[in-house]
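Written out below as structure tokens is the structure these notes cover.
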Amino acid sequence: MKYDVEAIRKQFPAMERKINGYPAAYLDGPGGTQVPQRVIDKVVDYLTWHNCNIHGAFATSIETDNMLLETRKAFADFFGCSWEEVSFGANSTTINFNLAGAIARDLKPGDEVVITDMDHECNRGPWEILEERGIIVHNVKVDIENCIIDMEDYKSKLNKKTKVAAFNYASNGVGTISDVKKMVAMAHEVGAIAIVDAVHYALHGPIDVKNLDADFLFCSAYKFFGPHVGVLYSKKEKLEELRTLRVKEQEDFAPYKFETGTLNHEGIAGAAEAVEFIASIGEEYGSEFDKELAHLSGRRKNVVAGMMTLEAYEQPITEYFIDELNKIPGVKIYGPPKGYPRTSTVSFTLKNKSPKEVAEYLGEKGIFVWDGDFFASKLVRVLGLRESGGLVRVGLAPYNTLEEIDRTLEAVRELAVK
């Protein structure tokens, strides 16, 4: 495949960092990726030359209005929707709390919400709180052997009382990609609103909200090369009928009715540039997907080609990592079986070593990995790993290399015999 990882790495200043003499290996991407220089420059440019509030009659305010519109258009190409269906927020958790709060205004005691044991707390907590109002919240089971959602259990939890079904596109805990299109359709069959948490998935594949038919879908730009900004897609008609939590004088129409107060303008400017970065990868390296993407054009085509290029690079390395990790005595990998859709996120435990010990040992060698539950708390509890410290999580991003994976494998092998 045509992909120059060294050329990509040169765009990320963080790649120059060393820890104890070792080049830093950023395998912590599921918690947030590193940021290319062009995104940093865009944030600095906004704060230097355009910093202002909105709707003024002077240059910096007009420029800020234009920037917000252009960023909505960029994310319209990222999601495959209209710019009027793109709203911004502080982060995905805050977005989902506001979304749940708005939907709850039209719920009554006895109404039901369905979430899953696979979900991040960002897509569990906002709905579980509604139990205080008499809303019934059902949890869909996970097949713990394969770390996939039990679709029969999901089906059994849906009924005419179900008002909301909320679930993730991919698990930030173990990398499983779920059949969200089917889950959305099943929710709609009983008249429920379908909400997709795409926070983990957004780095790992193209999103087509119209094909999914999702009512709402959210993600966070810092998971794919941008600043800490949350982004929400809403079906326009769904957002229009939603009684959002807002001040009286705020615009009461899409997409603005979901946004409260002054937004993080510099972060939003950077988020747009993160989308442009992905599009640039598609434009430079994605020609092999031209036939498959002939129905698309412009930036949308480049964004989709960019995401497909990144996954085409990451997936073989991920398979190699899993295969070699499985050969190390004492390692147990948690995630979907071979051949099942997954992201390039791999979680495991090492016998007689806590996840914290593993992460600290790797960290001393300049290898950054996560340990714990990563707010996939319910999943870690279901897997029976909460008391032992959870999981070690390794996540690949487009700037990671096979050499970094080999370094990680060697370090785990060393620790396994200590």
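Take 3 as the starting number for the sequence shown in the numbering used here and just add one per residue.
All C-beta atoms in this analysis are idealised placements derived from N, C-alpha and C, irrespective of residue type, glycine included.
Quick one: grab the DSSP three-state call for residue i.
i, result
"L265", "coil"
"V249", "coil"
"D152", "coil"
"L393", "strand"
"Y401", "coil"
"F279", "helix"
"E326", "helix"
"K110", "coil"
"L387", "coil"
"L352", "strand"
"Y24", "strand"
"D145", "strand"
"R301", "helix"
"T347", "strand"
"F196", "Residue identity differs from the one stated: residue 196 is Ala in this sequence, not Phe. Strand, per DSSP."
"F174", "In the sequence as presented, Phe is not what sits at residue 174; that position holds Asn. Correct three-state label for N174: coil."
"F307", "Just to set this straight, residue 307 is Ala in the shown sequence, not Phe. Residue state, collapsed to three classes: helix."
"Y5", "coil"
"H122", "coil"
"G232", "strand"
Here's the rule: buried if 16 or more other CB atoms are within 10 angstroms of the residue's CB, otherwise exposed. What is residue i?
i, result
"N161", "exposed"
"A357", "Here residue 357 turns out to be Pro, not Ala, going by the sequence shown. Buried."
"S158", "exposed"
"G34", "buried"
"R126", "buried"
"T264", "exposed"
"Q39", "exposed"
"D119", "buried"
"A187", "exposed"
"N174", "buried"
"G23", "exposed"
"D217", "buried"
"V305", "buried"
"M309", "buried"
"V382", "buried"
"Y342", "exposed"
Skipping 5 residues on each side, what residues in its chain have a beta carbon closer than 7 Å to that of residue i?
i, result
"G337", "C149, V176, G177, T178, R344, V348 and S349"
"V384", "D119, V144 and I146"
"G397", "L29, D30, G31, P32, S346 and T347"
"I151", "T118, M120, V142, V144 and S180"
With residue i and residue j assumed to form a contact (beta carbons below 8 Å), what rounded beta-carbon distance in angstroms separates them?
i, j, result
"L247", "A104", "6 Å"
"H230", "N93", "6 Å"
"A200", "L219", "5 Å"
"E86", "A256", "5 Å"
"G232", "T403", "That pair is no contact at about 30 Å."
"G284", "A307", "3 Å"
"S390", "E261", "With 8 Å as the limit, S390 and E261 do not qualify as a contact, their Cβ atoms being about 42 Å apart."
"G386", "G374", "No, G386 and G374 are not in contact; Cβ-Cβ is about 15 Å, not under 8 Å."
"G368", "K20", "7 Å"
"F279", "F227", "6 Å"
Within its chain, find whatever has a CB closer than 6 Å to the CB of residue i; leave out the 5 residues flanking it on each side and keep chain order.
i, result
"F377", "H122 and E123"
"V360", "L352 and V394"
"L244", "A104"
"E428", "A question about residue 428 goes unanswered here, because the residues of the chain that appear run from 3 up to 420."
"A274", "T73 and A76"
"R301", "D79 and A281"
"I10", "P400 and Y401"
"P339", "N148"
"V423", "Because the chain here runs from 3 to 420, residue 423 falls outside it and cannot be looked at."
"K6", "Position check: residue 6 holds Asp in this sequence, whereas Lys was assumed. Nothing listed; no residue qualifies."
Give every residue of the same chain whose Cβ lies closer than 8 Å to the Cβ of residue i, excluding the five residues on either side of it in the sequence, and list them in chain order.
i, result
"A16", "A26, Y28, Q36 and V37"
"V333", "L327, F350, T351, L352, K353, V414 and A418"
"A194", "V116, L160, T164, K165, V166 and A167"
"S84", "A78 and K238"
"K183", "N213, L214 and D215"
With 8 Å as the threshold, decide whether the Cβ of residue i is near any Cβ in chain C.
i, result
"E242", "No chain C appears in this structure, which consists of one protein chain only."
Taking 7 Å as the cut-off, is the beta-carbon of residue i closer than that to any non-hydrogen atom of the ligand ZN?
i, result
"A307", "Summarising the ligand content, the structure contains no ligands, and the ligand ZN is consequently not present."
Are at least three pairs of beta-carbons, each pair with one atom in the segment 199 to 212 and one in the segment 59 to 78, less than 8 Å apart? Too few Cβ pairs lie closer than 8 Å, so no.
Are the segment 222 to 238 and the segment 261 to 276 touching, with three or more C-beta to C-beta distances below 8 Å? Touching, yes, given that three or more Cβ pairs across the two stretches are closer than 8 Å.
Can you confirm whether the segment 103 to 120 touches the segment 129 to 142 when touching is taken to mean that 3 or more C-beta pairs between the two stretches lie within less than 8 Å? Counting Cβ pairs under 8 Å, three or more are found: they touch.
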